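Visitor: One structure, as structure tokens, below. Some questions next.
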Amino acid sequence: MPDPRPVERQVALGTAKLMPDIDDEGGWLLTLDGTPQSYVDLQDPTHLEFEYVQRIAHLLDVVADSGEPLDVLHLGGGALTLPRYLARTRPGSRQQVVEVDGPLTEFIAEHLPWPSGIDVVVGDARSALESVAPETFDVVVADVFRGSRTPAHLTSVEFVRLAAAALRPGGCYAANLADGPPLAFAKAQTATVAAVFAHVCLVAEPSVLRGRRYGNVLLIGSDEPLPTGELSRLLASDPFPARLTESPQQASEPVTDATAEDSPPPPAGAFSLS
1 MPDPRPVERQ VALGTAKLMP DIDDEGGWLL TLDGTPQSYV DLQDPTHLEF EYVQRIAHLL
61 DVVADSGEPL DVLHLGGGAL TLPRYLARTR PGSRQQVVEV DGPLTEFIAE HLPWPSGIDV
121 VVGDARSALE SVAPETFDVV VADVFRGSRT PAHLTSVEFV RLAAAALRPG GCYAANLADG
181 PPLAFAKAQT ATVAAVFAHV CLVAEPSVLR GRRYGNVLLI GSDEPLPTGE LSRLLASDPF
241 PARLTESPQQ ASEPVTDATA EDSPPPPAGA FSLS
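Those letters in the sequence shown? Residues 1 to 274, per full-length UniProt numbering, in order.
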């Protein structure tokens, strides 16, 4: 077990800090320039502190029979919360993680080593997708932030097509986004994913979906019907319940490489630790 004292290091994208959870032995919070990035419980990888991570985990729980291994590509690594969760809940899963910040990966490997079966590579998410063989994965999870914003080149229909090509038939694409009123970015991303996948849904807290406040939005796409009933039941049971919306409202046009922009910046204090 790592020494339970805060540690920090300058990495490629800023100052990374690991802080032990004084209320949970084995719990660690990763921040980057003060913004929370990941929470890992080394003793219980199924303990998921962040609500949006719980929602992605629920999706991973229902896309296949319980305990069945999955092949998953994680775009964005952080402290590898979801790969650790999947390694525990679906032993034998083959997982590849792409993280752009090499020094951050080294920092996490040194202090919070991960279990076998998780292959971590350093590189850009889109470049990694371009090199993936067709129909390789069951799920592609895109959870990439530069600071607190999703980079523009990971928001276009061209990018989503690359993710779709990496999926096996019936596979699932899941993107963690963040947006606030009037949800223009989330609506445009919905149209973008709907231009590639026949079945699309949005998951977020009701106040976020109503455009009343800033928060995380999980956007899911597949070429086959999604297990929305099972997923909705799990989402409703969370301490902070989320709502699933099928065939959500869309912007008029998908985002392309020519029109893509970074996701909007969060309001002041949105990710504060206080």
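Backbone N, C-alpha and C fix where the C-beta goes; we use that ideal spot for every residue, glycine too. For clarity, every value in this text was computed on a predicted model and none was experimentally measured.
Can you find at least 3 beta carbon pairs, one from the segment 167 to 183 and one from the segment 217 to 228, that sit closer than 8 Å?
Guide: yes
Visitor: Candidates F107, S247, A128: which alpha carbon is nearest H153's?
Guide: Nearest of F107, S247, A128 to H153, Cα basis: A128.
Visitor: By the three-class DSSP mapping on this structure, what secondary structure does R126 have?
Guide: helix
Visitor: Should P115 and A87 be called a contact, given that it needs their Cβ atoms to be closer than 8 Å?
Guide: yes
Visitor: Within 8 Å, do at least three Cβ pairs link the segment 198 to 210 to the segment 9 to 23?
Guide: With fewer than three CB-CB distances shorter than 8 Å, the segment 9 to 23 does not count as touching the segment 198 to 210.
Visitor: How about T190 and P248: do their beta carbons lie closer than 8 Å?
Guide: yes
Visitor: Measuring only the C-alpha atoms, how far is N176 from R5?
Guide: 30 Å
Visitor: Go ahead and label Q43 buried or exposed: buried means 16 or more other beta carbons lie within 10 angstroms of its beta carbon, across all protein chains shown.
Guide: Under this definition Q43 is an exposed residue.
Visitor: If you draw a straight line from the alpha carbon of S274 to that of T256, how long is it in whole angstroms?
Guide: Low per-residue confidence applies at S274: pLDDT is 46, beneath 50, and the placement is therefore not dependable enough to give any value.
Visitor: Answer yes or no: do A163 and A251 have a C-beta to C-beta separation smaller than 8 Å?
Guide: no
Visitor: Output needed for A125: all residues of its chain with C-beta closer than 8 Å, excluding positions within five of it in sequence on either side, in chain order.
Guide: Correct list, in chain order: L75, G76, V98, V100, A142, V144, L154.
Visitor: According to DSSP, simplified to helix, strand and coil, what is E99?
Guide: strand
Visitor: Ignoring anything shorter than 4 residues, give me the alpha helix (DSSP H) runs that lie fully in the segment 116 to 179, in order along the chain.
Guide: 125 to 130, 157 to 166
Visitor: Taking the continuous beta strand (DSSP E) assigned at L30, which residues delimit it?
Guide: 27 to 32
Visitor: So residue 276 and R94 are supposed to be a Cβ contact under 8 Å. How far apart are they, rounded?
Guide: Outside the shown range of the chain, which is 1 to 274, sits residue 276, and nothing can be said about it.
Visitor: Starting from the C-beta of Q10, find all residues in its chain whose C-beta is less than 6 Å away, skip the five residues before and the five after it, and write them out in chain order.
Guide: none
Visitor: Since I believe D33 is in contact with G147 (beta carbons under 8 Å), could you give me their beta-carbon distance rounded to a whole number of angstroms?
Guide: Going by Cβ atoms, the distance from G147 to D33 rounds to 7 Å, so yes, they are a contact pair.
Visitor: Express the C-alpha separation of D3 and S156 in angstroms, rounding to a whole number.
Guide: 42 Å
Visitor: Quick one: grab the DSSP three-state call for H47.
Guide: coil
Visitor: With DSSP as the reference, label P206 as helix, strand or coil.
Guide: helix
Visitor: Excluding the five sequence neighbours on either side, which residues of its own chain have a C-beta within less than 7 Å of the C-beta of A268, listed in chain order?
Guide: Non-local beta-carbon contacts of A268 in its own chain, meaning distances under 7 Å to residues more than five positions away in sequence, are absent.
Visitor: Considering only DSSP beta bridges, list what G16 is partnered with.
Guide: Note that residue 16 is Ala in the sequence shown here, rather than Gly. R9, L32, per the DSSP bridge assignment.
Visitor: Please report the straight-line C-alpha distance between L48 and R55, rounded to a whole angstrom.
Guide: 10 Å
Visitor: Taking C-beta to C-beta, are V132 and T105 nearer than 8 Å?
Guide: In this structure, V132 lies away from T105, with their beta-carbon atoms at least 8 Å apart.
Visitor: Under three-state DSSP, which class holds V255?
Guide: coil
Visitor: DSSP state of residue 294, grouped into three classes?
Guide: Residue 294 lies beyond the range of the chain shown here (1 to 274); nothing can be said about it.
Visitor: State the DSSP-derived secondary structure class of R243, mapped to helix, strand or coil.
Guide: Looking at R243 - three-state DSSP - the assignment turns out to be strand.
Visitor: Using the Cβ count rule (16 or more neighbours within 10 Å means buried), how would you classify F159?
Guide: buried
Visitor: Where does residue 351 land, buried or exposed, given buried means 16+ other C-beta within 10 angstroms?
Guide: Residue 351 lies beyond the range of the chain shown here (1 to 274); nothing can be said about it.
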